[in-house]
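In the numbering used here, the protein residues as written are 4 to 407. Cβ coordinates follow ideal geometry from the N, Cα and C atoms, glycine included.
Structural data, given as structure tokens:
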């Protein structure tokens, strides 16, 4: 309301024009805003400058009140304290007179003394009148009190109640343990969780997370029906295992990998449970990087858009953010002489058998059996680092025996 009480200079109103029409069939009309517009950068300054100008204009008539206006206003709120009730009432009267000259009406008074509020609010004259236009006859109305209550939705989300995977897994395991004890399936009362109980709880959490994200796909897989073309899992060829968990299909059934590596569990990269798994592996492997954590997780799970999910979790790690680790680049050693000085072909590649011309000369010798072995040397030269100690056939044969 304060901005609407301040007029803009007519010369500057051309910068506050808007285009508007009430219906599409009507032509576009141009409107000019005559007062300060809320949301513009200059509006807070101009409104504060108007208060300062009021204090300057009334400084001779009300010097003390003018100083209060200059120093005790924050935007349109005044906060000031006085010693006595009389001073407070006098300040109220002077402020009302000063601001009424500019069209400002002070409202929302507050004080720690009830007498001041009574004098201000009780004796105040409100000249505003509320006019209502109503067509038709007067009807007797029945007033009904309507009370709106904003009741909080009671939604239980298991994954958001715990910040670590291990704690969540143990809580669910204790729930299953309590269930088995009450049903008489487990007669031993121990506080220690077994490995099988932890695995059962983890499988249950995986199934809950998959049902929240892939409920439609699970229904189709249970009926042995093909997935929809717009499904995120269609390219992964998913299937349900014996526990009802969705896994990635493929052609690795005959490989030597274990079952979890052959067919990893499918997870949604944006689910909270997936982020708990990523966080668990990230901390378990001493704040490993994105690629390392992703490769570890894919040994058992296959998160959709896994790289982005791992990046978001590692980016939220406070310790990694503070350390800001960067990959170390080592300074390479000097290049060898043969790499930086020009030379003839095959002159620096080991013995190189004194170039191909000398090899042809060796082939022309009266060694019919050894010629086949020299052919093997040419084939093995790419893989063997050792060089013959001499240029004769026996030394070359020794290299062949060592490399074979």
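CA nearest to the CA of residue i, picked from the options
i           : options               : result
residue 245 : 253, 224, 234 and 316 : 224
residue 53  : 77, 291, 32 and 272   : 77
residue 10  : 242, 25 and 37        : 37
residue 12  : 209, 49 and 192       : 49
residue 199 : 176, 275 and 227      : 176
residue 326 : 332, 334 and 317      : 317
residue 164 : 193, 275 and 117      : 275
residue 61  : 341, 238 and 99       : 99
residue 249 : 45, 269 and 28        : 269
residue 320 : 347, 333, 284 and 299 : 284
residue 81  : 239, 348 and 95       : 95
residue 213 : 264, 194 and 235      : 235
residue 261 : 192, 341, 342 and 303 : 303
residue 105 : 239, 334 and 55       : 55
Rounded straight-line distance, which links the Cα of residue j to that of residue i
i           : j           : result
residue 5   : residue 101 : 15 Å
residue 278 : residue 305 : 13 Å
residue 85  : residue 114 : 11 Å
residue 226 : residue 162 : 29 Å
residue 338 : residue 344 : 10 Å
residue 218 : residue 110 : 57 Å
residue 90  : residue 68  : 11 Å
residue 8   : residue 329 : 57 Å
residue 24  : residue 35  : 14 Å
residue 296 : residue 314 : 10 Å
residue 17  : residue 93  : 42 Å
residue 167 : residue 160 : 15 Å
residue 208 : residue 263 : 17 Å
residue 266 : residue 252 : 6 Å
residue 241 : residue 308 : 16 Å
residue 254 : residue 332 : 39 Å
residue 222 : residue 216 : 12 Å
residue 46  : residue 70  : 23 Å
residue 28  : residue 232 : 44 Å
residue 182 : residue 194 : 14 Å
residue 340 : residue 300 : 46 Å
residue 63  : residue 30  : 53 Å
residue 191 : residue 298 : 40 Å
residue 460 : residue 310 : Only positions 4 to 407 of the chain appear in the structure, and residue 460 is not among them; the question remains open.
residue 334 : residue 286 : 31 Å
Neighbourhood of residue i by C-beta, 8 Å cutoff - its chain only, sequence neighbours within 5 removed
i           : result
residue 312 : 272, 273, 277, 278, 281 and 306
residue 324 : 318
residue 15  : none
residue 196 : 173, 176, 177 and 180
residue 51  : 76 and 78
residue 336 : none
residue 40  : 6, 19 and 46
residue 83  : 71, 75 and 94
residue 239 : 251, 252, 269 and 305
Other residues of its chain near residue i: CB distance less than 7 Å, five sequence neighbours each side excluded
i           : result
residue 33  : 20 and 22
residue 322 : 290
residue 247 : 210
residue 107 : 8
residue 256 : 265
residue 230 : 220, 223, 236 and 237
residue 119 : 88, 91 and 92
residue 58  : 69, 72 and 73
residue 342 : none
residue 258 : 265
Neighbourhood of residue i by C-beta distance below 6 Å, restricted to the same chain and skipping five residues each side
i           : result
residue 65  : 97
residue 360 : Caution applies to residue 360, whose pLDDT of 49 falls short of 50 and renders its modelled position unreliable; the model cannot decide the point.
residue 112 : 123
residue 228 : none
Closer than 8 Å to chain D by CB, residue i
i           : result
residue 326 : Among the chains in the structure shown there is no chain D, since it carries only a single protein chain.
Contact between the segment 169 to 185 and the segment 197 to 215 (3+ Cβ pairs under 8 Å): yes
Stretch-stretch touch, CB-based, cutoff 8 Å, three pairs: the segment 288 to 307 with the segment 184 to 194: no
Complete beta strand (DSSP E) runs within the segment 35 to 92 (minimum length 3 residues, chain order): none
Every unbroken alpha helix (DSSP H) inside the segment 275 to 302 [4 residues or more]: 275 to 287 and 293 to 300
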